[in-house]
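K.L.:
Dropping a structure here in structure tokens format, bear with me for questions.
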Amino acid sequence: MAALGAYLILYVINPDLTKLNISFTKVDVEEVESVPAGGSILAEGRLTDVVARQNLSAAGISVNKANCSSPQATNCTSLEGIPAITISNLIALKNACKQFNASCSFVVTGGTEAGHKSHGSGNPMIDIREDAVVTSFLKDVKAKKQYANYAIGQVCTVSQNNLSSISYNHSYEKTCQDPSSVPHFHFSFSG
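Each residue of the sequence shown is one higher than the one before, starting from 32 at the first, in the numbering used here.
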């Protein structure tokens, strides 16, 4: 009975109030991608060299050489097209190393530049300079079977002194068998 009374009151005030004729207008929304200052994100979650270096620098990680002048250049270190997750995982690994030993420092010696068998744009591989603190940290990580905790899919080294004590996922070791290389750790992150 109350509903009928409400209807009559609305009808007397304005008959249009009793009609349920609701129309919706379509609104077009343009999706805008957030772009970090000083660079951009490439397709499929990959970073430009500028953005990757900014992220690494903010985390206290240095890169040994300037970016390459062309995709075929050597004697340079490029991070162009490196997956963003690779940089995030490397930063997390470096932070864990700092907790292990406050003097831990990471220096990137290889990224997406030419001259690598398994590196390249879009591949989750990166090389880090080998030193005593990082070696001790990685030996500890391996002994505790914690490589997966840091999203490390594979790691190996060209240094014969540390090959068996550091290497993880031995089927991948052959990519580190370059005797002319400067000692470094070769990481492949899994996610």
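Here a beta-carbon is modelled for each residue, glycine too, at the ideal position from N, C-alpha and C. The model shown is predicted, which means the values in this text are computed figures rather than measured ones.
What do you reckon, are the CB atoms on His217 and Thr188 nearer than 8 Å?
P.N.:
Within the sequence shown, residue 217 is the residue found at index 186, counting from 1. Within the sequence shown, residue 188 is the residue found at index 157, counting from 1. For His217 and Thr188, yes; Cβs fall inside 8 Å.
K.L.:
If distances are taken between C-alpha atoms only, which option among Ile118, Gln185, Lys125 comes closest to Val82?
P.N.:
Translated into the one-based positions of the sequence shown, residue 82 becomes position 51. Closest option to Val82, Cα to Cα, is Ile118.
K.L.:
Among all the DSSP beta bridges, which residues are the ones paired with Ser219?
P.N.:
Working through the sequence shown from its first residue, we reach residue 219 at position 188. Per DSSP, Met156, Gln185.
K.L.:
Go ahead and label Gly76 buried or exposed: buried means 16 or more other beta carbons lie within 10 angstroms of its beta carbon, across all protein chains shown.
P.N.:
Sequence index remark: in the sequence shown, residue 76 carries index 45 (1-based). Classification of Gly76: exposed, given that the 10 Å Cβ count is below 16.
K.L.:
Report all residues from its chain with a CB closer than 8 Å to the CB of Cys135; omit the five preceding and five following residues, and keep chain order.
P.N.:
One-based indexing of the sequence shown puts residue 135 at position 104. Counting only Cβ-Cβ distances below 8 Å, and skipping sequence neighbours, we find Lys125, Cys128, Lys129, Val164, Val165, Phe168.
K.L.:
In the DSSP assignment, find the beta strand (DSSP E) that holds Thr140 and state where it starts and stops.
P.N.:
Numbered from its first residue, the sequence shown carries residue 140 at position 109. Element bounds for Thr140: 138-141.
K.L.:
Does the separation of the CB atoms of Tyr178 and Ala123 fall below 8 Å?
P.N.:
To locate residue 178, count along the sequence shown from 1; it is residue 147. To locate residue 123, count along the sequence shown from 1; it is residue 92. Going by C-beta atoms, Tyr178 is not nearer than 8 Å to Ala123.
K.L.:
For Ile92, which three-state DSSP category applies?
P.N.:
For the purposes of this step, residue 92 is taken as residue 61 along the sequence shown, with counting starting at 1. In the structure shown, Ile92 sits in coil (DSSP, three-state: anything other than H, G, I, E or B).
K.L.:
Compute the distance between the beta-carbons of Phe137 and Ile183, then report whether it is under 8 Å.
P.N.:
Working through the sequence shown from its first residue, we reach residue 137 at position 106. Working through the sequence shown from its first residue, we reach residue 183 at position 152. No.
K.L.:
Could you tell me which residues DSSP pairs with Pro114 in its beta bridges?
P.N.:
Here residue 114 refers to the residue found at position 83 when the sequence shown is read from its first residue. Partner(s): Arg77.
K.L.:
By how many angstroms is the C-alpha of Asp47 removed from the C-alpha of Thr79?
P.N.:
Within the sequence shown, the letter at position 48 stands for residue 79. Within the sequence shown, the letter at position 16 stands for residue 47. Cα to Cα, Thr79 sits roughly 59 Å from Asp47.
K.L.:
Consult DSSP for Val213 and reduce its assignment to one of helix, strand or coil.
P.N.:
One-based indexing of the sequence shown puts residue 213 at position 182. In this structure, Val213 counts as coil in the three-state DSSP scheme.
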